[in-house]
Amino acid sequence: MSNKELAEQIVTLVGGKDNVNSLTHCVTRLRFVLKDKSKADLDKISNVDGVLKTFESGGQTQVVIGPGVKDVYEEAIKIVGTDNAPKAETAEEKKPHGIGDILKQGLDTLIACFVPTIPVMAGSGMIKVLVALLQTMGVLGADSVTASVLTVMGDGVFYFLPFFVAYNAAKKMNVDVMVSMVIAAIVLHPNLAALGEAGTTVSFMQMPLRIVEYSAQALPLIFAVWLLKYVDRFADKYSPKVLKIFLRTMIDIIVVATVTLIVIGPITGYLGDAFMAFCTLMNTWGWIAVGINAALFPIMVLTGTHNATIPLLVQMFATQGFDTIFLPSGMAANIAQAGAAAAVAVRSKNKKMKSTAGSASVSALLGITEPALYGVNLRLKRPFIAVLLGAVISGCIIGLAKITAPTFITPSVLTAAVFFQKCPSILGGVLAIVSAFVIPFVLTLLFGFEDVKEY
Numbered sequence: 008m009s010n011k012e013l014a015e016q017i018v019t020l021v022g023g024k025d026n027v028n029s030l031t032h033c034v035t036r037l038r039f040v041l042k043d044k045s046k047a048d049l050d051k052i053s054n055v056d057g058v059l060k061t062f063e064s065g066g067q068t069q070v071v072i073g074p075g076v077k078d079v080y081e082e083a084i085k086i087v088g089t090d091n092a093p094k095a096e097t098a099e100e101k102k103p104h105g106i107g108d109i110l111k112q113g114l115d116t117l118i119a120c121f122v123p124t125i126p127v128m129a130g131s132g133m134i135k136v137l138v139a140l141l142q143t144m145g146v147l148g149a150d151s152v153t154a155s156v157l158t159v160m161g162d163g164v165f166y167f168l169p170f171f172v173a174y175n176a177a178k179k180m181n182v183d184v185m186v187s188m189v190i191a192a193i194v195l196h197p198n199l200a201a202l203g204e205a206g207t208t209v210s211f212m213q214m215p216l217r218i219v220e221y222s223a224q225a226l227p228l229i230f231a232v233w234l235l236k237y238v239d240r241f242a243d244k245y246s247p248k249v250l251k252i253f254l255r256t257m258i259d260i261i262v263v264a265t266v267t268l269i270v271i272g273p274i275t276g277y278l279g280d281a282f283m284a285f286c287t288l289m290n291t292w293g294w295i296a297v298g299i300n301a302a303l304f305p306i307m308v309l310t311g312t313h314n315a316t317i318p319l320l321v322q323m324f325a326t327q328g329f330d331t332i333f334l335p336s337g338m339a340a341n342i343a344q345a346g347a348a349a350a351v352a353v354r355s356k357n358k359k360m361k362s363t364a365g366s367a368s369v370s371a372l373l374g375i376t377e378p379a380l381y382g383v384n385l386r387l388k389r390p391f392i393a394v395l396l397g398a399v400i401s402g403c404i405i406g407l408a409k410i411t412a413p414t415f416i417t418p419s420v421l422t423a424a425v426f427f428q429k430c431p432s433i434l435g436g437v438l439a440i441v442s443a444f445v446i447p448f449v450l451t452l453l454f455g456f457e458d459v460k461e462y
């Protein structure tokens, strides 16, 4: 089936293009926000050739495609007829919601502010990996101009993260994108930082303004854009038509920027301090925390909530500059999926399942686990149990080996070398990662599984 045919079937089964309020994609999934979820036939979509799984999560209808999702997305966009421009809220979206729905919408909004940026963050992280490898090999010196410029290339997206978050938040909340990015420009303006050291207080309109380091920060802009949504409604309503072209945006900028600098920035700064305390606690737990998170990660992927850790990761890198918990545990979980799928490829008598499991194992080793999760391990049940057990055991081993992520990168065998920079023993680190493959592989062979007769 071609990508165009696959996209046509999916759009039809979610209720047609008129039922699609917005459509985005991440590394492996199409993410629909539908006007009427009852019109979507999730079971039929899941049975479409080329679809691994379909489910509702975070206010989205998520269709798991795999690594080829971008090609399917491009065809689906042609059908839906949208460039993801902001759309008005539907009547259903405006209805009052319970606490559970509010929390889900909050999580969905938080994730949406980061997901479109994941590919560029991952690519930028790999540039920093390249610099580290070249310096380790002696190709580049510590004071090399080439190394410095490459580092700037790798750090750019993280330093100016407020711009990316403001853009994504504006698209998600149906707010003026340009004004949102102006707020980001204000908080990152060098003259603002020049007013004093971070943490000091200056006077602005007789009000205390705490100097905050906004580079690599996300929460201030998310709340700022949320505030802008309501301020803009007021400014639009009360600005005279003859003056609206400049008065509306003037009111937006002055009010939102002032509240952001006086209130939102300092409060989120305190939240950052609290998160740093949380990171310290997690680091104290050490290998136990890595093991627990490794076991939870496949379940989070299963429910589509794994991207909820991205804000935590961004904040962790912004505060302490490295991660000893989330990405190392992701390494254990990803490779565990590969190990279990590889065991299925070895043991299965079904030729098509052998082929599927083999390719899924390779994909998981490269950091894309959905084909192994939905197409093999979860489908056969017992291999998924082996994945969870293998992930928690190997996660603890990886934690004990002190494997550390120095930047935001996808955990995979391709990026494994950069995780060894702070390892007391590189051999110990290598063996720890190998254990993540071997343990679920052996457990899957021991547990066995009911082989598929027809595929």
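When we follow our numbering, the leftmost residue of the sequence shown carries the number 8, and every step to the right adds one.
Cβ atoms here follow ideal geometry from the backbone N, Cα and C, with glycine treated the same way.
DSSP, reduced to helix, strand and coil, places P305 within a helical segment of the structure shown. With a beta-carbon spacing of about 13 Å, V58 and F39 fall beyond the 8 Å limit used to define contacts.
Around the beta carbon of Q213, a 10 Å sphere encloses fewer than 16 other beta carbons of the protein chains shown; the residue is thus reported as exposed. Taking 8 Å as the cut-off, the Cβ atoms of A200 and P169 do not count as close. Inside the stretch 412-461, DSSP marks whole alpha helix (DSSP H) runs of 4 or more residues at positions 433-454, from first to last along the chain. Residue pairing by DSSP places M214 opposite F211 in a beta bridge. With at least 16 other beta carbons inside 10 angstroms of its own, P378 counts as buried.
For the pair P215 and Y221, the CB atoms are not nearer than the 8 Å cut-off.
For secondary structure counted as the alpha helix (DSSP H) over 4 or more consecutive residues, the stretch 126-197 holds these complete runs in sequence order: 152-166, 168-180 and 184-195. Note on V156: under 16 other CB atoms within 10 angstroms of its CB, so exposed under the neighbour-count rule. Counting every other CB atom within 10 Å of its CB across the protein chains shown gives F448 a total of 16 or more, marking it as buried. For L41, the uninterrupted beta strand (DSSP E) segment begins and ends at R36 to L41.
Ranked by how close their Cα comes to the Cα of L141, the residues T265, Q428, T451 and E457 have Q428 in first place. Boundaries cannot be given for K44, as no alpha helix (DSSP H) includes it and DSSP labels it neither H nor E. About 19 Å separates the CB atoms of P74 and T124; that is not less than 8 Å, and the two are not in contact.
In this structure, DSSP gives D259 a helical state, which the three-state scheme calls helix. Residue environment: K179 is assigned as buried (16 or more neighbouring CB atoms within 10 Å of its CB, all protein chains considered).
Setting aside the 5 residues that flank it on each side, V164 is surrounded in the same chain by T124, V127, M128, S131 and F171, each with a C-beta closer than 8 Å to its C-beta; the list follows chain order.
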